[in-house]
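Reading through the structure tokens given below for one structure.
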């Protein structure tokens, strides 16, 4: 199996290749009768689309999902929801030259070994970032169901290179604060950093290079008691999905790697109550203890590697001829995929959280 | 579900509470006929046992696993292998005072909400670090099967606080190099750092505090082509298991979070061939591209938070009385659990890797 | 979850409603590089199509599958294979009168309760027999991969009402014998029974009624040693899939229910060897012992209830008004769905068997 | 995988071999806080024990389960519940002579192929009927949780050979009627048949033979709307578990195979309402439509083959020497396992039904 998530009550099965007939997703297990605003789904998907500012690829993607099933009169039917996005803009020639020459950092070589050379390599095939579009679709649908239960999610660029946005206020985070950031064309908490970050990308682009970054994601409104130890906690599920996003190479919850240089007395989140509700004073644990939500915002950060598609000549191998060679990748590619990955990470969180609540 | 991993061909189901009758594991799906050296399993488990150097808890654990099934005449039978470790040393009084007062950083409160207050809270119950003993058992068994296929794993302390060991040579790593480190009483590549690291722990201990750290883990000998995009790759499975280890709050593969400040030209691992084999010149991707192994060593790092059990008074809540209170945790606790978590992380890697090869 | 099979290495996710935009399937886990003859897939699907002989519905189904992904240059790519069949012939008015009046024997009422009244009830929605078309597609693809491994399957009408075809020779069954039967317009071993069986259907039809039957299915060429006790044997998987076919209400392997009036000395299949191969003299166990294949043909029989859609007036309930009422189902319906279910049962067997061999 | 059920929210993992150290089960996913009367669990298990009447084996089984975890102060803790039954009565010599001579009808040969000859063959190993003891344990626990929700199950001998008990009144069945039958030493609805049925068994026994039978099982109190099409309905789950019981070779729901000679007008269960509740007038569908409960009793029947262990000489094969031979099975064996299988089938139903309700 590969691109199917199965949480028992909810399964999400993604299919498609960059230059095949179509890509899409089957979501099986959504409860019946939930209103889904299709326009809002399109808005969510649009956040993943290439930006006009030159940061993202200029390939004109038309990510319009046709719903095949599971949705009637504006509501989920409860039976499997399938959406298909046709691939209309397939300039496979752009990629014609790379065939059996492995692009460094990409899955060309590993995919060829895995699938006995039979996989569709045009445009990266099933490994293409384009395959995150159906993931975003699924996340958009799940997100609307979560919102009807008072649960909101959001994500933003934490840093690109060494230029950092602020972090969410993980203790007092609100749905409104999340919303405010995610509607921005360039999702930053502190938009005064926008120019500096874009410069960072531009600098990479001018060097015919690319650059990595991090994305912070948060969920508010989730009650305490969701998730299970040991292998079926919130951290387990989110990370299983998030590592399905091409280019993600790390994840941390709450303070994450910073914990490694903390004392317990700093790291522990003290509990406090007003007699009715229990909260923590800090939120280093990112809202999760023992795999289970504690009622505080869920917060995690994801590391995104620089897109491997760079125009610079790179040493590599033709894995069929078994010869060393030099590759120059033609075509247009994002110099930084972090901005476009923001809604994808948010989608992953939505799917994970909803899977616990059905 | 909670403590059961299910990879279709292999399932691992862990049970037990710190102060119940016994803890253990059922491993279902191991192929029949593999020789398992029980003494070597005990050696592996012993690496998780408390150290005599004062770093780890002085509670005298007797982690002797009795094999109930699935193992005959020194070999796996192919049918489910179950091992039970009886709990013999249960001083539940040590924990008597904390009952419904949530220990900050622990799962007491979240567990009580999750299980309607019915879970066994003595010694942390199912959330106790003791529950990693059966995980280690399973990892030890899986590891021996992997070794018979030429695959070796190892782990070491990367840092405690801000004192760092060296990293594995992720390009030229050998089984021997892994082996050399893991047999050490204190698993460091550069043992000259041992004293400094132990001082770091001692310092925390003297402050009645605890301290976190990181563990680096690697696997050699895995051929290219193992794992699947998007949700069933090596990263997905390893992280699903690793977040089952209490106190783990982050994971990164290869360069991980460091990717976020890299250019693509630095990050991409160029391929090279001698006409017979394909390797990469660097190994920033930790041996994984598109979720699939590329034949280079698998390398990942895990962040471990400081053990939440500290002797200092902490503000917290009695979640039944719904009152604020102050807690002083009695009993003996590790000031740093990182050394004992090293074989646990290695066990997680063994289970994940073997699950792909059955 | 509902319409997704997940066998760890292979998942099959079916979607669609009778009168929605489209129906289809995602098959995730097929190995890469297998040749699939698309024309042969269409032939398989055609076997499920309505017959021109008046036995099956005259609704003109156009079951043409468009492959979205996972198939390139005549071969599986190894990544998820999705096929979509557009619904083009949707006369939802035929079904307009039944809305909240539960058709007896159908899932209208149970579906409404299950999905809070939100499910698509037009034409039976997701419960329609039409949803077996994607199952057949999946089975056709799996079947071709099995054939490349020397494994063949086939099915035929065992009986309709009390008119019986012969049974397969379960001891000496060959691929050729299976093939010969399944290409027939009306799949019987003994075609001299065709007229009598069709009369049985006609008789039911003239009474504005419908009639049930049984289907026998067999698989040849499967080596001994496939399948696992207790819950993951061949019987478990086949039955899990087969009960996904609407109207199937029973399954038996080998002698099945006849075992209940047998002595052990009659029931036991004695083993015999020529020094090289082991066979059984009889095959009462249908090729399965302890859930595992024994090298003999796999044989099972499935009971199909009479299609509940009959033109006769039936007492029933309007489950919204909570009133008793009388229903007369308009539209054209098969008087007997057994012939069309034959390839569906075969498809189920193909999926189950392939799932063990990947 | 083999002996692990995984329904997403509930997993049941069974382990053990007939003559190993112990057998048992891990149930992962039970909600916390349910009272479980351990004495009643023992009573349930006792129903599976050998009878004193000569029908069942005289081997003195001591099926006392020790609970390792998941159960505290009379309640489920919510974390995995493990029970171990030690094997104390292991006369492996009785079985010494059969080693590599395949007992016809048993899984000796298929198990040897499946597990490369490494499986434990003593007493049938993991394929032994003894392995149903932990299944019964799990079913007993699940049954108590169901009863607290007003759901009751029961099973009885439907027939042994051609002597039949009555069937449940599938329309008006009550919890009391179920209870009345299952507490009987010999579970029949009409106990006047007891003598005749026992004679049937005695007759087989005197011929050094064995005999098969059927078991009918029913569940009352289950509301409409439980289960899902296509592959995750009540029929799918029950049959997946039931085929895990050694010797089960067929299952039918409601009228089952009798449907094959019915008209739709006979088969359809008409709906009726009193304005508040909806019922059906008949219950040919066994309480299930489209995989979903309709509020009527769930009814299914299971075919059990005659135990393959018979004292008569049987032709068979030594699968290591690859020679034909004759086998005479020594030791004491049930001439009919149907009576002892009754609570096992009931246990399977309990697990399946509870898996939908967690």
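Protein chains in written order, with my numbering: chain A, 3 to 360; chain B, 3 to 360; chain C, 3 to 360; chain D, 3 to 360.
The C-beta atom is built at its ideal place from N, Cα and C for all residues, glycine as well.
Name the chain A residues whose beta carbon is nearer than 7 Å to that of residue i?
i              : result
residue 115(B) : 226, 227
residue 11(D)  : 10, 11
Name, please, each residue of chain C whose Cβ falls closer than 8 Å to the Cβ of residue i.
i              : result
residue 109(D) : 231, 291, 292, 293, 294
residue 118(A) : 33, 34, 35, 80
Output yes or no for whether 8 Å exceeds the beta carbon distance between residue i and residue j.
i              : j              : result
residue 345(A) : residue 46(A)  : yes
residue 258(D) : residue 251(C) : yes
residue 338(A) : residue 212(A) : yes
residue 253(A) : residue 173(A) : no
residue 12(D)  : residue 122(B) : no
residue 15(A)  : residue 6(A)   : yes
residue 108(B) : residue 175(A) : no
residue 22(D)  : residue 118(D) : no
residue 188(D) : residue 255(D) : no
residue 282(D) : residue 298(D) : yes
residue 246(D) : residue 232(C) : yes
Is it the case that the CB of residue i approaches a heavy atom of the ligand GDP more closely than 7 Å?
i              : result
residue 157(C) : Ligands in the displayed structure: none, and consequently the ligand GDP is not present.
Which word fits residue i, buried or exposed, when buried means at least 16 other C-beta atoms lie within 10 angstroms of its C-beta?
i              : result
residue 273(D) : buried
residue 150(D) : exposed
residue 200(C) : buried
residue 279(B) : exposed
residue 306(A) : buried
residue 2(D)   : The structure shown has nothing for residue 2(D), since chain D only spans 3 to 360.
residue 214(D) : buried
residue 48(D)  : exposed
residue 276(B) : exposed
Looking only at its chain, what residues have a beta carbon closer than 6 Å to the beta carbon of residue i, apart from the 5 residues adjacent to it on each side?
i              : result
residue 329(C) : 103, 316, 318
residue 269(C) : 261, 286
residue 69(C)  : 85
residue 44(C)  : none
residue 98(B)  : Confidence at residue 98(B) is low in this model, with a pLDDT of 48, below 50, so its placement is unreliable and no value can be given for it.
residue 184(B) : 156
residue 67(C)  : 85, 87, 139
Show which residues of chain B have a CB atom less than 7 Å away from the CB atom of residue i.
i              : result
residue 192(A) : Simply none; closest approach about 18 Å.
residue 17(D)  : 28, 70, 71, 72, 82, 84
Starting from residue i, find everything on chain C with Cβ-Cβ shorter than 7 Å and list it in chain order.
i              : result
residue 316(D) : 270, 272
residue 341(D) : By Cβ distance, chain C contributes nothing, its closest Cβ being about 14 Å from residue 341(D), past 7 Å.
Spatial neighbours of residue i within its chain, please: C-beta separation below 7 Å, excluding the five flanking residues on both sides.
i              : result
residue 146(A) : 38, 39, 42
residue 321(C) : 102, 104, 111, 114
Note down, in chain order, each residue of its chain lying with its Cβ closer than 8 Å to the Cβ of residue i, except the 5 sequence neighbours on either side.
i              : result
residue 295(B) : 224, 225, 226, 227, 228, 229, 236, 289
residue 348(D) : 141, 145, 155, 156, 157, 184, 219
residue 234(A) : 293
Strictly by DSSP, which residues pair up with residue i?
i              : result
residue 157(D) : 219(D)
residue 303(A) : 218(A), 254(A)
residue 85(A)  : 27(A), 69(A)
What does residue i touch in chain A if you count any residue whose Cβ is under 9 Å from its own?
i            : result
residue 1(B) : As displayed, chain B neither begins before 3 nor continues past 360, which places residue 1(B) out of reach and without an answer.
Since residue i meets chain D, which of its residues come closer than 8 Å, beta carbon to beta carbon?
i            : result
residue 5(B) : 30, 81, 82
What residues of chain C sit near residue i, judged by a beta carbon separation below 9 Å?
i              : result
residue 102(D) : Within 9 Å Cβ-Cβ: nothing; residue 102(D) doesn't reach chain C, min ~12 Å.
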